[in-house]
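Residue numbers (numbering that gives the first Met the number 0), protein chains in the order written: chain R, 0 to 119; chain Y, 0 to 387. Single-structure report; data block below.
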Amino acid sequence: MLKFTEEHEWLKLDGDIATVGITAHAAEQLGDLVFVGLPDVGATVSKGGSAATVESVKAASDIYAPLDGEIVEVNEAIGTDPSLVNSDPLGAGWFFKLKLKDKAAMDGLMDEAAYKAMVG
Amino acid sequence: MVDATADTPPDLKRTPLHALNVALGGRMVPFAGYDMPVQFRDGVLKEHLHTRNAAGLFDVSHMGQIVLRPKSGDVGDAARALETLVPVDVLGLPEGRQRYGFFTNDRGGILDDLMIANRGDHLLLVVNAACKDADERHLREHLSGTCEIERLDRALLAIQGPRAAEVVATLAPSCAHKRFMDLASLTVVGTEYIVSRSGYTGEDGFEVSVPLSHAEEVARALLALDGVAPIGLGARDSLRLEAGLCLYGADLDETTTPVEAALEWAIQPVRRRGGARAGGFPGGDIILDQLANGADRRRVGLKAEGRQPVRGGAAIYASDTAVQSIGTVTSGGFGPSVDAPVAMGYVPTAFVAPGSTVFADVRGKRIPMTVTPLPFVAPRFHRGTPRT
């Protein structure tokens, strides 16, 4: 199941663990990333709270937690090479895996068609 | 996530290249009251590197171009008048040359930084967009007795990078002989262009003042040449930061003096104590005293350890536990050519020695920063062959 948030993140659910990244639209808007700050494994995050930071040459931006949960894995590869987020945002550029507090909350997010309609 | 699609306010001004900037895929943002491209399709990182490797075209038409014309007809009178507002040797500036300067206030602070050119029968000033109305009022208030003050409503294009000279020479071969800070008029089919060999990227390059009616035509002609790409304000900022050049409103303001800002090089000996025209500008006593005895704080280059950029506004501390901040980062970001985070900021004199370590607060985390000589990249200005 692939879902999207209004904050331009995608979530892919496997069991009760969602892999989270940012959309191609978001990556394009941010521009070439030069730094990614990832959360600590084991950290508890709440929906809408800052979970990671990304920095381009020009600006810093927050990546918000899409839902409540616990960080169970982070993608160290994008910490080493932030350009992966730009080149493969839906694949190798994933950010973290989130063990969802409430799996049913996924239902409240957008599907791909709704997200595409939102970004035009 | 950022909302990168915010509507631009309708009251923004447009440069004569606005339509071209939009057509080239410019991402438009408000800057100093203008709707300006922060980047084009390649993005800030690639635009920055392109300028350092080839040639970048910048629309800087939002900047103010002001003519000071002496009522006496003697440009020396305009120079002497302007010297009452800037701590710079204007009188000694030869015809066809320009130099950097700044307007000061009574406390020795900087009202704006600018370029001053001697055009033979008048002076041409190029000032910051955000300050240009205030600068013009300042000039009218103080110099109207001796000078006619006229705003030049013209476009200003900058072409910067190691291939800039080759590019400009295809349109205007005589420019190849110009040295850094030379400027001259070129008349092409009855149209006057004012070309100077200067810029604000640390690269060789030119700035060309163009009649509004010809701006787009000139820009398109330059963009059609091999190696030229349009560059937005984002890369302009990272280029000037790597070059150690100040951004007014960030690194300089009404509370920073030229000595604090490490701009002593722009105050020639003739305006200093013991010089033939020492002082005589606003804040002169304070600035001349600081020139002789130093200031309590100074602008320095700062390199962060690691990869995380430290942005303007970050507080600086003497240690990773100190409670009281000792200074502020005034400009900061990632330097694409340096391939590391770079910044400038003000620290107390005790910390200005290269190699000193200070700590910047980024989101509650103290990032170690090393005081580093400016510029971060070696300038490649075309100073010409010294005459023997």
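A virtual CB, placed ideally from N, CA and C, is assigned to each residue, including glycine. Because the structure is a prediction, the values reported are computed rather than measured.
Quick check on residue i: buried or exposed, where buried means 16 or more other Cβ atoms within 10 Å of its Cβ?
i, result
"glutamate 206(Y)", "buried"
"leucine 412(Y)", "Given a span of 0 to 387 for chain Y in the structure shown, any question on residue 412(Y) remains unanswerable."
"proline 211(Y)", "The residue you asked about is not proline; residue 211(Y) is leucine in the sequence shown. The residue is exposed, with fewer than 16 neighbouring Cβ atoms inside 10 Å."
"valine 126(Y)", "buried"
"histidine 61(Y)", "buried"
"threonine 169(Y)", "exposed"
"glycine 273(Y)", "exposed"
"asparagine 292(Y)", "exposed"
"arginine 178(Y)", "exposed"
"glycine 108(Y)", "buried"
"leucine 1(R)", "exposed"
"threonine 186(Y)", "exposed"
"serine 330(Y)", "buried"
"proline 335(Y)", "buried"
"methionine 368(Y)", "buried"
"aspartate 352(Y)", "Checking the displayed sequence, the identity of residue 352(Y) turns out to be alanine instead of aspartate. Exposed, because fewer than 16 other Cβ atoms sit within 10 Å of the Cβ of alanine 352(Y)."
"tryptophan 9(R)", "buried"
"threonine 387(Y)", "Unreliable positioning characterises threonine 387(Y) in this predicted model, as indicated by a pLDDT of 43, which lies under 50. The coordinate reading is nonetheless provided below. Counting Cβ neighbours within 10 Å, threonine 387(Y) comes out exposed, since fewer than 16 surround it."
"histidine 176(Y)", "exposed"
"arginine 196(Y)", "buried"
"arginine 136(Y)", "exposed"
"alanine 303(Y)", "buried"
"alanine 116(R)", "exposed"
"alanine 163(Y)", "buried"
"tryptophan 264(Y)", "exposed"
Can you name the start and end residues of the alpha helix (DSSP H) that residue i belongs to?
i, result
"serine 237(Y)", "232 to 241"
"threonine 145(Y)", "Neither: threonine 145(Y) is in no alpha helix (DSSP H) and is coded neither H nor E."
"glutamate 27(R)", "23 to 29"
"aspartate 76(Y)", "74 to 81"
"arginine 219(Y)", "214 to 222"
"glutamate 8(R)", "No alpha helix (DSSP H) contains glutamate 8(R), which is instead part of the beta strand (DSSP E) from 8 to 13."
"valine 376(Y)", "Run containing valine 376(Y): none; DSSP gives neither H nor E here."
"valine 21(Y)", "17 to 22"
"aspartate 120(Y)", "Counting along the chain, aspartate 120(Y) falls outside any alpha helix (DSSP H), and DSSP gives it neither H nor E."
Ends of the beta strand (DSSP E) at residue i?
i, result
"alanine 54(Y)", "54 to 58"
"valine 269(Y)", "Neither: valine 269(Y) is in no beta strand (DSSP E) and is coded neither H nor E."
"glycine 78(R)", "Counting along the chain, glycine 78(R) falls outside any beta strand (DSSP E), though it belongs to the alpha helix (DSSP H) covering 75 to 79."
"valine 227(Y)", "227 to 229"
"isoleucine 65(Y)", "63 to 69"
"tyrosine 114(R)", "Looking at the DSSP string, tyrosine 114(R) is not in any beta strand (DSSP E); the run it does join, the alpha helix (DSSP H), is 111 to 118."
"valine 187(Y)", "182 to 187"
"valine 56(R)", "Neither: valine 56(R) is in no beta strand (DSSP E) and is coded neither H nor E."
"serine 195(Y)", "190 to 195"
"asparagine 117(Y)", "109 to 117"
"glutamate 206(Y)", "204 to 210"
"aspartate 34(Y)", "33 to 38"
"leucine 156(Y)", "153 to 159"
Taking the alpha-carbon of residue i as reference, which of the options has the nearest alpha-carbon?
i, options, result
"glutamate 75(R)", "Phe3(R), Leu37(R), Ile21(R)", "Leu37(R)"
"alanine 183(Y)", "Ser208(Y), Glu140(Y), Arg162(Y)", "Ser208(Y)"
"glutamine 38(Y)", "Ala31(Y), Arg235(Y), Gln159(Y)", "Arg235(Y)"
"serine 49(R)", "Leu66(R), Phe34(R), Lys57(R)", "Leu66(R)"
"valine 89(Y)", "Pro335(Y), Val351(Y), Arg270(Y), Thr329(Y)", "Arg270(Y)"
"histidine 47(Y)", "Gly107(R), Val53(R), Lys57(R)", "Lys57(R)"
"glutamate 140(Y)", "Asp181(Y), His121(Y), Ala80(Y), Leu124(Y)", "Ala80(Y)"
"phenylalanine 102(Y)", "Arg118(Y), Asp225(Y), Ile266(Y)", "Ile266(Y)"
"aspartate 152(Y)", "Cys245(Y), Pro15(Y), Leu56(Y)", "Pro15(Y)"
"serine 355(Y)", "Tyr316(Y), Arg379(Y), Phe57(Y)", "Tyr316(Y)"
"isoleucine 21(R)", "Val44(R), Glu5(R), Thr43(R)", "Glu5(R)"
"aspartate 360(Y)", "Thr348(Y), Ala339(Y), Gly326(Y)", "Gly326(Y)"
"glycine 160(Y)", "Val341(Y), Ala321(Y), Leu84(Y), Ala54(Y)", "Ala54(Y)"
So, is the C-beta of residue i closer than 8 Å to a C-beta in chain Y?
i, result
"alanine 59(R)", "yes"
"glycine 36(R)", "yes"
"glycine 20(R)", "no"
"aspartate 31(R)", "yes"
At a Cβ threshold of 8 Å, is residue i touching chain R?
i, result
"glycine 233(Y)", "yes"
"serine 184(Y)", "no"
"serine 195(Y)", "no"
Could you confirm whether any beta carbon from chain A is found closer than 8 Å to the beta carbon of residue i?
i, result
"serine 237(Y)", "Given the protein chain composition of this structure (R and Y), no chain A is represented."
| query | Taking a cut of 8 Å between CB atoms, which residues from the region 42 to 55 of chain R lie near chain Y? | reply | Thr52, Glu54, Ser55
Using a beta-carbon distance cut-off of less than 7 Å, what residues from the region 310 to 336 of chain Y approach chain R? Arg310, Gly332, Phe333, Pro335
**Asked** Mind listing which residues of the region 34 to 58 of chain Y have their C-beta closer than 8 Å to chain R's C-betas, in chain order?
**Response** Val37, Gln38, Gly42, Val43, Leu44, Lys45, His47
Under 8 Å, CB to CB, which of the residues in the region 298 to 310 of chain Y have a partner in chain R? Arg306, Gln307, Pro308, Arg310
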